[in-house]
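Q: FYI, in numbering that gives the first Met the number 0 the residues of the sequence shown are 0 to 360.
For every residue, glycine included, the Cβ atom is placed at its ideal position computed from N, Cα and C.
First the structure, which I've put down as structure tokens, then a few questions once you've had a look.
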Amino acid sequence: MEEKNTEQVQLSPVPGKKKRGKKRKTIRRIILALILVVILGGAAWLGIMSLRQEYTVTYDEYNATTGTISNALSFSGSLQARSNVTYTASSPATVRAVYVTREQDVKAGDALMRLSSGQTVEAEFDGRINQLYVAEGDKVSSGANLVQVVDFEHLQVSVRVDEYDISSVRAGDQCRVSTVATENTFTTTIDSINYVSSSTGSVAYYTATAYVDVAEGIYPGMQVTVTIPKEEAADVVILREAALSFDLNNQAFVYTVNESGELETTYVKTGVSNGNYVEIRDGLKSGDTVYVAVETTTDSFSSLLSGLFGSQQFNRQQNRTRNTNNSERWNNSNPGSGNPGSGGGFTPPSGGSNGSGGGGR
0 MEEKNTEQVQ LSPVPGKKKR GKKRKTIRRI ILALILVVIL GGAAWLGIMS LRQEYTVTYD
60 EYNATTGTIS NALSFSGSLQ ARSNVTYTAS SPATVRAVYV TREQDVKAGD ALMRLSSGQT
120 VEAEFDGRIN QLYVAEGDKV SSGANLVQVV DFEHLQVSVR VDEYDISSVR AGDQCRVSTV
180 ATENTFTTTI DSINYVSSST GSVAYYTATA YVDVAEGIYP GMQVTVTIPK EEAADVVILR
240 EAALSFDLNN QAFVYTVNES GELETTYVKT GVSNGNYVEI RDGLKSGDTV YVAVETTTDS
300 FSSLLSGLFG SQQFNRQQNR TRNTNNSERW NNSNPGSGNP GSGGGFTPPS GGSNGSGGGG
360 R
């Protein structure tokens, strides 16, 4: 019998297989490390954000007082001459005689000058010689300027009234005209209104004109403010408008303190307002004190960093105050629920911060 030779063959490992396994493990470790970094970073950021701001609530006091309150419409404009005439030559001529000098006052009908053409220039109204363009013997052409007469005592002012206010302005309305530079005030009336708008923009404007008898030293071109009084209430209870809050139905109310020392809502009826103060027709009496919550925001994160590393490194504004009853309107949601942020009972601050709200005017 033949013997069969048996040979054992040993296979070598496939090149690269072991290396690929190690590479996969490394990638998994990197991914897990990144996920861990993201989780830890997010937790740290949330912790930092929770430290950034802290809120405290303090209270400003506002006292109701007795006084007189009024409101008015106000417009800006400039003075203009009502009577202003420059006389000219009607034909070529020589100036034969000049009867006036500059800044001389003249009366209506006074002769001002005479030309060789036979033209005699006379004043049409009382006024003053503002410009004298020629002298005796000068030759002038047709249309040449000779003399200017201006009435400086009787001026006028025209103001632009927009479409929102025009219904509140009427001819005959009393008004005050105050010069900006000299601070003179003159009382007059609105003489006329041009109800045809000359505006081309999105808002229509109309022209109201008032005549003004002025004093010496007031001249055309000066800037003035025209004030038209509209409403006035005398010897009434008034309160700073900043002390008012409004509910969802736009009803005005204030916060007062009851006999138990708790903050409560008191509805009030308002009247004349001038933008700073408002008449209180019902709900308060003179001497009553009302309270407005003021929310103060403190940047705790900056304070923490400043404590650790020195205040010089984090020198940014750490406190800011907002009046929550006006800008944030926190009390509109449920004015009857008491003071937001107070956690129930209310203890007024001793002395308060009455500097912003005490007293009328």
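1. Please classify V139: does DSSP put it in a helix, a strand, or coil?
2. Determine, using beta-carbon pairs with one atom in the segment 106-123 and one in the segment 197-217, whether at least three such pairs fall under 8 angstroms.
3. Under 6 angstroms Cβ to Cβ from T100, same chain only, skipping five residues before and after it: list those, please.
4. If I measure Cβ to Cβ from E162 and keep anything under 7 angstroms in the same chain, skipping five residues before and after, which residues do I get?
5. Between V148 and S69, what straight-line distance do the alpha-carbon atoms span, to the nearest angstrom?
6. To which residues of the same chain is T187 closer than 7 angstroms at the C-beta, ignoring the five residues directly before and after it?
7. Check whether the segment 134-150 touches the segment 82-99, taking contact to mean three or more Cβ pairs, one atom from each stretch, closer than 8 angstroms.
8. Does the Cβ-Cβ distance between E278 and G270 come in under 7 angstroms?
9. Taking 6 angstroms as the limit between beta carbons, can you name the residues of its chain near R280, skipping five residues before and five after?
10. Buried or exposed for R27, please, with buried defined as at least 16 other CB atoms from any protein chain shown within 10 angstroms of its CB.
11. Please state whether the Cβ-Cβ distance between D172 and I189 is less than 7 angstroms.
12. Across which residues does DSSP place I128 in a beta bridge pair?
13. Around the Cβ of L31, are there at least 16 other Cβ atoms within 10 angstroms (buried) or fewer (exposed)?
14. What number of angstroms, rounded off, separates the C-alpha of N273 from the C-alpha of Q79?
15. Considering only residues of the segment 166-237, which uninterrupted beta strand (DSSP E) runs meet the minimum length of 3 residues and lie entirely inside it, listed in chain order?
16. Quick check: what's the CA-CA separation for A368 versus Y266?
17. Does DSSP put K106 in a helix, a strand or coil?
18. Note down the Cα distance separating I237 from Y276, rounded to an integer number of angstroms.
19. With DSSP collapsed to three states, give me the class of V277.
20. Suppose the cutoff is 6 angstroms on Cβ atoms and the five residues either side in sequence are ignored; what does the same chain contact list for T67 look like?
21. Helix, strand or coil for A80, going by three-state DSSP, please let me know.
22. By how many angstroms is the C-alpha of R127 removed from the C-alpha of D109?
23. Taking the alpha carbon of T224 as the point to measure from, which residue in A88, S75, R23 has its own alpha carbon closest?
24. Under the three-state reduction of DSSP, which class applies to A88: helix, strand or coil?
25. By a C-beta neighbour count over all protein chains shown, 10 Å radius and 16 as the cutoff for buried, is E60 buried or exposed?
26. Using 10 angstroms around the beta-carbon of E258, count the other beta-carbons present and answer buried if the total reaches 16, otherwise exposed.
27. Indicate whether A143 and A88 have their beta-carbon atoms separated by less than 7 angstroms.
28. Should V361 be labelled buried (16 or more other beta-carbon atoms within 10 Å of its own) or exposed?
29. In or out: R319 buried (at least 16 other Cβ within 10 Å) or exposed?
30. Please determine, among E294, I34, E263, T255, the residue with the shortest C-alpha to C-alpha distance to K284.
A: Put simply:
1. strand
2. no
3. none
4. V202, A203
5. 42 angstroms
6. C174, V176, A209, Y210, V211
7. yes
8. yes
9. K268, G270
10. exposed
11. yes
12. V148
13. exposed
14. 30 angstroms
15. 173-178, 184-193, 204-212
16. Past the edges of the chain, shown from 0 to 360, lies residue 368, and the structure says nothing about it.
17. coil
18. 6 angstroms
19. strand
20. A233
21. strand
22. 11 angstroms
23. S75
24. coil
25. buried
26. exposed
27. yes
28. With the chain covering 0 to 360 only, the question about residue 361 has no answer from this structure.
29. Here R319 scores only 38 on pLDDT, less than 50, and its place in the model is too uncertain to base an answer on.
30. T255
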